[in-house]
Every structure is written in C-alpha cells, then in structure tokens.
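J.:
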C-alpha cells in the first residue's frame, strides 16, 4: 500500500517533505527517460503495456507486412520468370520460322544436292541455338527443366538433343491459397518427352505384408482411412472393437485385428475361432470364423471397414480387390497377383546405341527401373501415372527407340516390348502405318520347297492380326510355315519347316506396299526370315522434326523434307499458342505485382501511423518534462534549505 503524501507541505515533517520531493523527482526523471527512449527509437511505445490495444494492432500490422513482403518477393520473382520465359518462346518461334522457310525452299526439285547440304548446316545451327534457348537460365534456375532447376535440361550427343529435365511444375505463392504455375517445361515447349513406350500390361502387384496403406487404392478409390472397426461373432457370441488407426502397412491391419481378437478371449489362427489374413487372390483381406458367422462394421461415422472392403457378414468374409499400386518398393515376386515374374534379358536399341539388359537378378521395381535407366541408351523407364505398369520414354530426339526380347519373353511380360501382338499397324513406321491394298493379296511367301502361297491382309489392325492371317494362309495351303514375333530384338519371324533347297522369300503381291510397312521384303537361304523392326518410337519433338529435316536435306529426300516442314509448322503453331498463354499469365502477374506493391505501401503507411512517433509532439513532451524537472529541482532546493536564517524567516 502506497503512502499518502499530505497536501499542506508547510505543516509536515522534514522527512515527509524529503520523500515527497524525491518521489516527484523520480517521476519527472522517469518521464524524461521514457520520452528520450521514444525519441531515440522512433516508436510511439516503449513497451506493449503502455497501450495494449495499440501494441496489438501494431503487431498485427507488422506480421501482415512481413507476409505481404514475402508474397511481393514471390510475385516479383514469378513476374520475372514469366517475362524471361515469354521472351525465350519468342526466340524459339523465330528459329522455327527460319527452319520452316528452309524446308519450303529446299523441297523444290530445282534445288541441287550441294544447295541442300549447305542448308542442312544451317539447320544444325538452328538446333544448336534451340538447345541454347532450352538451357536458358533466370538467375540460377533453368527455365525449362521442370523441377530439375539446377542442371541443364538439354544436352547434345552426336548431333542429337537429349532432354534431362522432368515434367514437374514450379509454383509460387502469390496470395493466400493461390499457387499458380510459373514455368514451362522443355517437354511442353519442345515436345521433348512426347515419344515413349506406354506399358500395355497391368503388373497387378499383390498385397504383401510390407505394402503401405498409402499405396493401396481401397474400395473408396482413395487411400485407406484408418480408424476403428467392430467385429461380431455369432459362435461364440463375442463382439470387440479393433483400433486400426495406427496401421501403416497391410500387415499391420492383420496384426491389429488378430491381436484385438485375442484380447477378446478368442483363439486366433487358421481353423481357430478367428483368423484375419490376406485373401487367396492376394489383392485384399479375408476374415473367417471357426463356426457361425462373423460381421465386420464401422464404428460411428467411420469408413475403415468399407475402405478395406471388409464390411459385411458371412462365415468367411473375402474382402474386395484393394488394387495395390505399383511402387519402386514393389517386389518382382508380388507381381501378377503374387505369382511373380521370372525375368530374363531385354534388348533396347536407340539409334546408334544398343544394350542387352539382364533383369534376372533384380528384386524390386525400383531396381528394374534403375537397371534400364543406367544402361546408357538414353531412355527413361518409370512407373506410369496410373501406378499399374511401366512406361519407357525416349530421351533422344530424332532417334528410334526399339525395345525387344533377348531370347525370352521379359519385355512382353513387363508390357514394354515396342512390337507386340497388340501393336496397331497404324503406329508403325513412325505413324505412317502399313498400306494394305484392300481387295487384293498383299504378301506372297515362297518356301524353300518352292511352294508359294498368298496372304490377304484386308481388315488387319494389329501385328497379331497379321501373324494370324499368315499362319492361317499357310495352314490353308498345307505348308509348314509359322509366323511369330522374333525371339531376339523385334520384327516378324517367318520360319519355314519344309526343308527344301531353295531360298525362303517374302515377295510383294498385287503391287501392295504392305511388305515394306511390315519390314518383310527379304530373302534368305536359311529357314527363317526376321523382318525389320518398323515399330521404332521417336519423340514427336521440335528436335526430331529438325533432325529429320537435316537428314532429308543431306540425302536429297524430298518426301522427308516435306514431312519435316509439316511437323515444324505444327510446332510453330504450338509455340505461338504457348507464347500467348505465358504472355497472358505474365500480364496477370504484372497486374498482381502492381496491386501488391500498392497494398504493401498502404500497410506500411498504416503501420507508421500506429507505430511511428510524432516527433513534434514528442519533442514538446520532452521539453515539458525537462522544464518540470528543472522546476522541481529549483523548488526543492529552496524548500530544503536548513539554515537558521531560513528558519527565522
């Protein structure tokens, strides 16, 4: 409790007078100190306790300004990225126009070989310039590398451009909850990953003990949501709740269910009162009761039993197919519903590069992908978007990628063989297809025993149809000839078992061009003809079109030059569209930048009003406090004079 200072200082003790003077001096000094601190710091408040409401508002505005400054920096970076990207696309478009003009000029029959070869060198220069633009940087970031921003996305090897970036998008936080894409990948602009072998086989991995639940689709077409489930048995009459919220793997679910049953007093295991296990199909769960029925239901609003495909009642509940996803950790032994896959060797050719890849000792999908990707043939094997199979992309624009067998069936088993029974004829020869002459025979096969039979390919749509048609025609002719896919590499194999002394021939019938499209225009003294592989996959990219233009100019191939001109024109249109899209995004980002700069300026002004000191007012207060202190000191010195003369006065 504070002492009360008397008002009438003439009738108080000297001690009280001294205390009163000291208190007044302390208050004056403190006020001067506080005012001096404010003048030194420029802040209206020395501590939040001076004005909690004002301090709270200042703190809120400071935090808001900090967030706005970060967003402003993000927007500024995004605006610059888009502006540089827009400029780079313009350069690409100009180079494509130049290449297109060369193609249109050189397609004329009046041009000499020397002129075309000279222009071919200009095309090589254009390719070099496009690679340079493709490796354009903003700061330390490569513009067209996707999320691989720290390495050059394009390299050149033997005159062929190779893409090393990815398809990842770069995003920037430009507002709360708004993260627009601020980049363009090399695949989008140059079509660098537009050619690949899309896996045609669902590898159907089984549910294993180590399969993570996040890698299981579940019956709700999404990751399984773990929670509690209720299990009720009719014999014995027991009901218990199993908490599955801590389950991370498929095996954890089984462990937790069986443990909860044991806690409820049940015997657990095959043939016991309760048993949770994987289903016989290997793609879900199974719960069985020793006798009577077992019922599995969700607790409250839970969905775990439904997601696991176990909701129901029966003597044995066989869960739904949970469709485990293919991941890098998926074991080879778990493929095809758990039956596994006996892998051998595959052959990959890509232009001048070739490799026989032994996959017999790989144990996981990740090891398999790594083995293919490090084979030195410029391909990229990866799990497809649906997580059901494998795709193999050709990274080398202008080169034909061919994936075949090497004495086994591994490529077909994995669904990555580029020529297989399901290969559509329309995709062969880089999309030019096979010209079948309707209403006429297309092939004439002359055996070593000098027996000939014709093959009509009317209505054939796939390689499998062609094989069936050849084998059917041989059977109808009573000739021991079989057609199948080559056991090494790719191509159609025709085996003659007649044993004659003559050559085995495949000849053109009725002026049909099908023999060329199928790569079967061959003669051999052996008993087997293996056709050329016409299934090569080339990325439909800017660089592939320019590479073909270069090859066409060097070889005087007018058809190839004309085809390249058409493809280049498509990329010109695509580049113009992308430039329009990026330009629109850049303009919107510039507008957002101006708006955000204004918002930051407004917040700074408001924060200044709340936080910053009014120096005119502060100096006046400081001078007043100084005058008050001086007055106190003067008054105190007179009041505290203790001489006899002062007392007598």
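In my numbering, the protein residues as written are 247 to 895.
Each residue gets a CB set at the ideal place from its N, CA and C atoms; glycine is no exception.
1. So the alpha helix (DSSP H) residue 675 belongs to, where does it begin and stop?
2. Can you tell me whether DSSP reads residue 309 as helix, strand or coil?
3. Would you mind listing the beta strand (DSSP E) stretches within the region 471-541 that are 3+ residues and don't spill past its ends, in chain order?
4. Please identify the residue among 511, 528 and 501 whose C-alpha is closest to the C-alpha of residue 522.
5. Between the alpha carbons of residue 455 and residue 463, how many angstroms are there, rounded?
6. Just checking, does the region 486-498 make contact with the region 583-597 on the three C-beta pairs under 8 Å criterion?
7. Does the distance from the C-beta atom of residue 739 to that of residue 353 stay below 9 Å?
8. Might you give, ordered along the chain, the residues of its own chain that have their beta carbon closer than 7 Å to the beta carbon of residue 336, omitting 5 neighbours on each side?
9. Could you round the C-beta distance between residue 471 and residue 420 to whole angstroms and report it? I think they count as a contact, below 8 Å.
10. Are residue 430 and residue 331 touching if we call contact CB-CB under 9 Å?
11. I need the DSSP call for residue 409, collapsed to helix, strand or coil.
12. For residue 653 and residue 730, which I take to be in contact (beta-carbon distance under 8 Å), what is that distance rounded to the nearest angstrom?
13. What would DSSP say about residue 402, mapped onto helix, strand or coil?
14. Is it the case that the Cβ atoms of residue 650 and residue 593 are separated by a distance below 9 Å?
15. In three-state terms, what does DSSP make of residue 727?
16. Within 10 angstroms of the Cβ of residue 812, are there 16 or more other Cβ atoms? Answer buried if so, exposed if not.
17. Spell out the partners DSSP gives residue 690 in its beta bridges.
18. Using only alpha-carbon positions, find the residue among 489, 445 and 469 that is nearest to residue 477.
19. What are the start and end residues of the beta strand (DSSP E) that includes residue 615?
20. Which residues does DSSP list as the beta-bridge partners of residue 593?
21. Considering only C-alpha positions, which residue in the set 269, 362 and 314 is nearest to residue 798?
22. Would you please state the rounded distance, in angstroms, between the beta carbons of residue 755 and residue 690? I believe it to be under 8 Å.
23. Is DSSP giving residue 786 helix, strand or coil here?
24. Hey, would you say residue 473 sits closer than 9 Å to residue 491, going by beta carbons?
25. List the whole-angstrom C-beta distance separating residue 727 from residue 749, where the pair is believed to meet the contact cut-off of C-beta under 8 Å.
26. Can you tell me whether residue 204 is helix, strand or coil according to DSSP?
27. Would you decide whether residue 248 is buried or exposed? Buried here means 16 or more other CB atoms lie within 10 Å of its CB.
28. Between which two residues does the alpha helix (DSSP H) harbouring residue 361 extend?
29. Please classify residue 758: does DSSP put it in a helix, a strand, or coil?
30. Counting Cβ pairs, one atom from each stretch, are 3 or more of them under 8 Å apart for the region 435-452 and the region 628-646?
31. On the premise that residue 551 lies in contact with residue 475, defined as a C-beta separation below 8 Å, what is that separation, rounded to the nearest angstrom?
32. For the beta strand (DSSP E) containing residue 774, list its first residue and its last residue.
33. Here's the rule I'm using: 16 or more other beta-carbon atoms within 10 Å means buried, otherwise exposed. How should residue 424 be labelled?
34. With H, G and I counted as helix, E and B as strand and the rest as coil, what does DSSP make of residue 249?
35. Note down, in chain order, each residue of its chain lying with its Cβ closer than 7 Å to the Cβ of residue 373, except the 5 sequence neighbours on either side.
36. With the cut-off set at 9 Å, would you say residue 752 and residue 775 are in Cβ contact?
T.: The relevant details are as follows:
1. Taken as a continuous stretch (DSSP letters only), residue 675 belongs to no alpha helix (DSSP H), as it is neither H nor E.
2. helix
3. 474-481, 484-489, 520-524 and 531-535
4. 501
5. 16 Å
6. no
7. no
8. 825
9. About 32 Å; that fails the 8 Å criterion.
10. yes
11. strand
12. The Cβ separation is near 14 Å, so there is no contact.
13. strand
14. yes
15. strand
16. exposed
17. 700 and 753
18. 489
19. From DSSP, residue 615 is part of no beta strand (DSSP E) but of the alpha helix (DSSP H) over 611-619.
20. 602 and 650
21. 362
22. 4 Å
23. coil
24. yes
25. Residue 727 to residue 749, Cβ: 14 Å. No contact.
26. Nothing about residue 204 can be reported from this structure: the residues present for the chain run from 247 to 895 only.
27. Low confidence applies here, because residue 248 scores a pLDDT of 46, under 50, leaving its location unreliable and the question unanswered by this model.
28. 359-380
29. coil
30. yes
31. 4 Å
32. 774-776
33. exposed
34. Unreliable positioning characterises residue 249 in this predicted model, as indicated by a pLDDT of 48, which lies under 50. A coordinate reading is not provided.
35. 407, 789 and 792
36. yes
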